[in-house]
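Step one of this worksheet: look at the structure below.
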Amino acid sequence: MKPFEKAAILFLLKHLLSGVAGAVVLGTGLLWFDVARLATLIGNSEYGLVAIVMLYGSLMLTFGSVAMGIGIMALNEDTRP
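Spelled out as structure tokens, the structure:
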């Protein structure tokens with residue numbers, strides 16, 4: 006693996022992890038505060054585990070993709086004042 010490839014992968018992984026962290030915070034907040042009775046519905050369902058996996062999985066996929074996209078689009082910006 007070439008050095009620039011390793012740097013690019015690490016760059017994308019850093020942004021992916023930040024998006025996943027945001028998704029975990031949002032998903033946990035939705036369940037903790039029982040927004041729209043979501044935690045109650047999941048708790049009373051026989052498929053609660055599937056619902057939780059789908060909730061966190063979809064949030065992680067969405068937020069991780071958005072974070073990587075933002076990172077890629079911001080590469081060419083000049084950060085000097």
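Each step along the sequence shown adds one to the number in the working numbering, with nothing skipped, and position 78 is 83. Built from N, CA and C at the ideal position, the CB exists for glycine as well.
Q: Would you kindly report the start and end of the unbroken alpha helix (DSSP H) that includes residue 19?
A: DSSP places residue 19 inside the alpha helix (DSSP H), whose first and last residues are 8-37.
Q: Flag this pair as yes or no: are the beta carbons of residue 35 and residue 46 separated by less than 9 Å?
A: no
Q: For residue 72, name the three-state secondary structure that DSSP assigns.
A: Three-state result, residue 72: helix.
Q | Counted within 10 angstroms of its Cβ, other Cβ atoms place residue 68 as buried (16 or more) or exposed | A | buried
Q) The alpha helix (DSSP H) with residue 43 in it runs from where to where? A) 43-49
Q.
Quick check on residue 24: buried or exposed, where buried means 16 or more other Cβ atoms within 10 Å of its Cβ?
A. buried
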